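Protein chains in written order, with the working numbering: chain A, 719 to 1061; chain B, 719 to 1061; chain C, 719 to 1061; chain D, 719 to 1061.
Backbone N, C-alpha and C define an ideal beta-carbon position, used for all residues, glycine too.
Model, not experiment: these values are computed from the prediction.
Number of protein chains: 4
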Amino acid sequence: MNFKSDNEAPAHPRVLEAIGEANRGMATAYADDAWSLKLDAAFSDAFETECTVLPLATGTAANSITLSAMVPSWGAVMCHRQAHIACDEGGAPEFYTHGAKLMTLEGADGKLLPEDLAAAIDAAGAHGVHNVKPSAVSITQATECGTAYTPGQVTALAEAAHARGLPLHMDGARFANACAFLGVSPAEITWKAGVDALSFGATKNGALTAEAIVVFGHPEWLEPMARMRKRGGHLLSKMRYVSAQLLAMLEGDLWLELAACANGMAARLAAAVEAQPEAALAWPVEANEVFVRMPAARLQALKDQGFEFHIWPGSDDLARLVCSFATRDEDVDALTAALGTFR
Amino acid sequence: MNFKSDNEAPAHPRVLEAIGEANRGMATAYADDAWSLKLDAAFSDAFETECTVLPLATGTAANSITLSAMVPSWGAVMCHRQAHIACDEGGAPEFYTHGAKLMTLEGADGKLLPEDLAAAIDAAGAHGVHNVKPSAVSITQATECGTAYTPGQVTALAEAAHARGLPLHMDGARFANACAFLGVSPAEITWKAGVDALSFGATKNGALTAEAIVVFGHPEWLEPMARMRKRGGHLLSKMRYVSAQLLAMLEGDLWLELAACANGMAARLAAAVEAQPEAALAWPVEANEVFVRMPAARLQALKDQGFEFHIWPGSDDLARLVCSFATRDEDVDALTAALGTFR
Amino acid sequence: MNFKSDNEAPAHPRVLEAIGEANRGMATAYADDAWSLKLDAAFSDAFETECTVLPLATGTAANSITLSAMVPSWGAVMCHRQAHIACDEGGAPEFYTHGAKLMTLEGADGKLLPEDLAAAIDAAGAHGVHNVKPSAVSITQATECGTAYTPGQVTALAEAAHARGLPLHMDGARFANACAFLGVSPAEITWKAGVDALSFGATKNGALTAEAIVVFGHPEWLEPMARMRKRGGHLLSKMRYVSAQLLAMLEGDLWLELAACANGMAARLAAAVEAQPEAALAWPVEANEVFVRMPAARLQALKDQGFEFHIWPGSDDLARLVCSFATRDEDVDALTAALGTFR
Amino acid sequence: MNFKSDNEAPAHPRVLEAIGEANRGMATAYADDAWSLKLDAAFSDAFETECTVLPLATGTAANSITLSAMVPSWGAVMCHRQAHIACDEGGAPEFYTHGAKLMTLEGADGKLLPEDLAAAIDAAGAHGVHNVKPSAVSITQATECGTAYTPGQVTALAEAAHARGLPLHMDGARFANACAFLGVSPAEITWKAGVDALSFGATKNGALTAEAIVVFGHPEWLEPMARMRKRGGHLLSKMRYVSAQLLAMLEGDLWLELAACANGMAARLAAAVEAQPEAALAWPVEANEVFVRMPAARLQALKDQGFEFHIWPGSDDLARLVCSFATRDEDVDALTAALGTFR
């Protein structure tokens, strides 16, 4: 019973089918195939605005390439202290931006606060060339704490950023889960709220390996992004297989359906945690991740019973349980039962 | 009838099946899954020596990450003027090496000559810090001209490189085709001939998207390579799907079978070209690429008949015809017939 | 009456004389001149051990080039939150290391604490390739707070670093002031305490523009440093003029004499601050910098009287007063008097 | 008798005097001093147009920082095969541009030809993201062969570059010598001929260490250049000493006087070479460098007599003799005599 990560889930059958369907005959290489060429329209439809889409294989690449178009090497990206780009990508954003700095801010529930952001930007660049220059803001949706920014919260951050000339990037590795939880349209939580570019994640949500950079406006970023995608080795020759996955995800809103399913499992787990006096939710469960604070011995006991999950770095009593579309009811039942037996 | 590139071919059914088989249940992320963990053994078996394998999605990444472990930023890679790394990767090797220089040499049939290589290395580094320092040699097998280095030729280059302290990298985007043509074992044409690391290509040969860095010895490169793979965004979270492709390719020597098939089609095309007085092979056909010199009007006439292929950059009378495992007998028949009607 | 920075002071006459003496006849370019070739011996003498010296023009270059030899692009430098390399060098360390991360720690009086350092290193690298790898520690002597690490404090940090495989770099922009204050030999506070490389600053201490990287052991760093010095544009063709400055500084311990003079002025200022009820020293004065906490209106009043100094970033009641060898007794007298009139 | 390099000459007394005069009292750091603030006006006056000037210490930095503002990391600089930036700067342009490629062209007398340049730009970028993108042209004035581009030649190159959207950079390490030889105004050979930015060299011409980036128009480059100057460690804290050298050079056209003096010595040497049947000028002498083709034994004989000069890389019968303002009549007389005794 694996609650380690949605990365450990398999691909959804409809995604695999789409790959099989794409596997017919010759197709132009390097994202000039029929599937890839449909992406702009498909995403523009889903996001209710004209947008430009660059398919690729990993979220780290999506984030890093996007930031590389926003930020000069002598710039800085403002982000949360726990941001995936700052903690978990092995320095990929620094690599793709040629050494820009990630300036991290605190914030409850994994969220940046607009007033903190504004103050940090103003302070960080006060000494001209002696400082690096704040050049972009990046937020994660859903956050690294499993919470979701509301449209109002995103708008306030976008306003603080834009007023200072900085664009807003959204790392959407679990964007689907946030949308499903909030019940808002993709448009409302992105460009309508001021997001300039989105890393749209599909892999964690049931694809094999498929992510997309979605750019709202900003034609000046398109050449740098395309160049850096190639330069980073992310322009797959047989891109059709990535694009077919993305199209399958969008079709019939499969992406939202799968996310809702994962979220539902997480909500059930959250309820079980709340019912257990010795356990507590570390943060509100607003996506597919459940962060549980529980005595270390209790966590170990669960592991001994075969439940797989991560103890959060820097603690011994904080566990992360992740659900995916592939999480089974019986897994959640078993864990619920195990939690119940603590009393 | 598409002879544009083996990149435009679909995936082989057995590769797709392998992906389907890998799509069961949970699997540890980031190349710690059962499939990825089998790669070292599978390649060590195929190459008859212990080697270390890093799976990834593109050949550009394989080449660049390998070179990044061999070459400091103030170093240089010696390669052929037509090398893919020098001409066609959008500067990816410069990106991953943080600005190392690619020093290009001439050489007939797309091949470096050992005496030229030795002289170039000696001359290039003669002025200490004022020069960049020759730090690695990279050759392509099969070459960009569709020819294949023999074991003796590789050995001579390796000796020239090693005598000067430089390792030898082999870009094997079409390594399978070279092996199949030469009739040599993978071992004979790589580590036994002095190759230190190989970019093993599977994508052009029938995978969806699967490549591997194969390292012979050199434990000092493994951490830098693993770090740069992550840093470049190439550590796929669901790596099992890449590794499953590679395993399927190795199983029962499918990779050699598919390459032999592509080579056979190319050989038939080559014969047809040689039989046509107005056409000539630009280089010996020793893999799956056929370079044809023919009057521009003749080439256009073929295009008008629906044959797709590339006119080689910088010329109007040189065409490249590429075969793959998916090239059909009837396609070759049709092109043979079209060539025959010229007289 | 300028207390803004020791960078604003002129050069000491003996340094200027040394340049004049070096300005005779031809001299081999690129640090192969008679002056540059004496540096190793002169510094080895001053530091009582064989060391290797690279002269250059700026401290930012000295720090960055040193770190570039210690840290891979996927590495991290551990340093204080207020470190000059982290705050004031425009991202130069990130540039020279090709994107390594600067991980900052808190610590009273501008100093790292060994137990914090050890814990931070251990935590930072816990997730392998997903993290950047802690690869060096950098401390500033004297610190950005104008305090000086004791030999015992440096030793404890070196032990924490070395036990984890990390070398220790000392940014010695005001190294002379620390030595003069502590009354220790250069050897005791550097290599005997575990420092692996020192950025030896002379510019702030009375040179025109002269700094030196001093390496203790570590022959493996010498080629990368020399290469990066050239690659960064810091191998001056007429290096003799930089090296002559450094030799003049070392001769007869001029560097310590000038630093003691600056420290003495700072000590007098510190006493004046302590005598003023409305003012307080923010940190102990252990070099040539005096950080004064005083009501903003008082600070403004001093400025109105013609005293020049910096208000510290992020505050309005914290001023930095810097003395140099060129600070005159009458300047300190005047400021002392102005402080006295507050009551 | 040293003809090795103008880099080996001392500084001119008036430059040293200017440094002494600048060594009075306090001055704002980081190029905000009175001397640095005069540079824009002084150069605008000399170049008869408003220009922006960034002082710094080395020509390698001047070239690299300028190119970094012109060229993205995925771009290419078109230059001559013998260009200093391509051969002699240890990869600094690649470092500052974060890995842009230097594409080299042939051309007699060290000069690019406009038709070759146009063709090369057109060919190099033909394959979109698979290629790096030609983004700037860099020429050297005087060239690495000691020749000087005429205004008409520069104009033709600028037109070829500008028509393709590429700016034109001039590496003017020996700009003064070219101006003095051509008898043209600095304006005529730079911005009036289409040069967008100039690396103005003073070090080889009698400064201690002083160079300047001179930008004609292009306000969009000024922030990137200022940022990269800091980031590269080239914003000297006591910049007044560099700026004072530049001002001294411009004052009373000292820079042209010294260059004319060096050129005159070279012209005398050239005449002596032409009078010697066994010797020949490799290229026209149009600046302060004399390239002599002579039997290797003859060259050795000169060395044995105490004449110092470089044998050109890759040859044994080609010598470079460089004159400077400090070359003495008797040195030239002696060499002339030595050449005469060959018959």
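Which two residues bound the contiguous beta strand (DSSP E) that contains residue i?
i: A/V1010; result: E1007 to R1011
i: B/S917; result: A915 to G919
i: C/D724; result: Run containing C/D724: none; DSSP gives neither H nor E here.
i: C/L774; result: C769 to L774
So which residues of chain B does residue i contact, with C-beta pairs closer than 7 angstroms?
i: A/G743; result: P728
i: D/K819; result: G809 and E812
i: D/H816; result: G817
Compute the beta-carbon to beta-carbon distance between residue i and residue j, rounded to the nearest angstrom, for a pair I have assumed lies under 8 angstroms.
i: B/Y814; j: B/L785; result: 7 angstroms
i: B/A921; j: B/G808; result: Per the sequence presented here, residue 921 of chain B reads as Thr, with Ala not at that position. Contact doesn't hold; Cβ gap of about 17 angstroms is too wide.
i: A/L831; j: A/M796; result: Not quite, the Cβ-Cβ distance comes to about 12 angstroms (not below 8 angstroms), so this is no contact.
i: B/I907; j: B/V771; result: At roughly 17 angstroms, the Cβ-Cβ gap does not stay under 8 angstroms, so B/I907 and B/V771 are not in contact.
i: B/A898; j: B/A977; result: 4 angstroms
i: C/A1062; j: C/Q1023; result: Missing from the structure shown is residue 1062 of chain C; chain C here goes from 719 to 1061 and no further.
i: C/G864; j: C/A891; result: Rounded, the Cβ-Cβ distance is 12 angstroms, inconsistent with contact.
i: C/N675; j: C/N781; result: Here chain C has residues from 719 to 1061 only, and residue 675 of chain C is not among them.
For a contact meaning CB atoms closer than 9 angstroms, what does residue i contact in chain D?
i: B/G1032; result: A841 and A844
Would you check whether the ligand HEM has a heavy atom nearer than 7 angstroms to the C-beta of residue i?
i: A/S961; result: Of the ligands one can find in the structure shown there are none, so the ligand HEM has no counterpart to examine.
What three-state label does DSSP hand residue i in the structure shown?
i: B/E996; result: coil
i: C/M983; result: helix
i: D/M888; result: strand
i: C/K756; result: helix
i: B/E766; result: coil
i: C/R732; result: helix
i: D/D751; result: coil
i: C/A1044; result: coil
Going by DSSP, what residue range makes up the alpha helix (DSSP H) through residue i?
i: B/V1003; result: B/V1003 -> no alpha helix (DSSP H), and no H or E assigned at all.
i: B/T1059; result: Where B/T1059 is concerned, there is no enclosing alpha helix (DSSP H), given that its DSSP letter is neither H nor E.
i: B/M967; result: R958 to L968
i: A/G743; result: Per DSSP, A/G743 belongs to no alpha helix (DSSP H) and is neither H nor E.
At 7 angstroms on the CB atoms, spell out the chain C contacts of residue i, in chain order.
i: D/R945; result: G808
Using the beta-carbon of each residue, which ones in chain B are nearer than 8 angstroms to residue i?
i: D/V1008; result: Residues of chain B passing the Cβ test: none, with the nearest at roughly 21 angstroms.
Quick one: list the residues of chain D neighbouring residue i, beta-carbon separation under 8 angstroms, in chain order.
i: C/R1038; result: Ordered by position in chain D, no residue passes the 8 angstroms Cβ test against C/R1038, which lies about 14 angstroms from the chain.
Could you tell me which chain C residues have their CB closer than 9 angstroms to the CB of residue i, listed as they occur along the chain?
i: A/N849; result: C805, D806, G808 and G809
i: A/W909; result: The contacting residues do not exist; A/W909 stays about 30 angstroms from chain C at best.
i: B/R949; result: S791, W792, G817, V847 and V850
Residue i versus chain A: which residues are under 8 angstroms apart at the beta carbon?
i: D/P790; result: P942 and R945
i: B/T770; result: Ordered by position in chain A, no residue passes the 8 angstroms Cβ test against B/T770, which lies about 19 angstroms from the chain.
Could you name the residues of chain C that residue i contacts, counting a contact when the two beta carbons are closer than 8 angstroms?
i: D/N720; result: M744
- Output the residue ranges of the beta strand (DSSP E) runs that lie fully inside the segment 778 to 844 of chain A and measure 3 residues or longer, sorted by chain position. The qualifying runs are 793 to 798 and 819 to 823.
- Query: Which residue spans inside the segment 847 to 883 of chain D form an unbroken beta strand (DSSP E) run of at least 3?
  - Reply: 851 to 858
- Enumerate, from N- to C-terminal direction, the unbroken alpha helix (DSSP H) stretches of 4 or more residues contained entirely within the segment 890 to 956 of chain C. Qualifying alpha helix (DSSP H) stretches, in chain order: 893 to 900, 904 to 907 and 940 to 949.
- Message: Please give the ranges of any beta strand (DSSP E) in the segment 1017 to 1041 of chain A, keeping only runs that are unbroken, at least 3 residues long and fully inside the region.
- Response: 1036 to 1040, all fully within the segment 1017 to 1041 of chain A.
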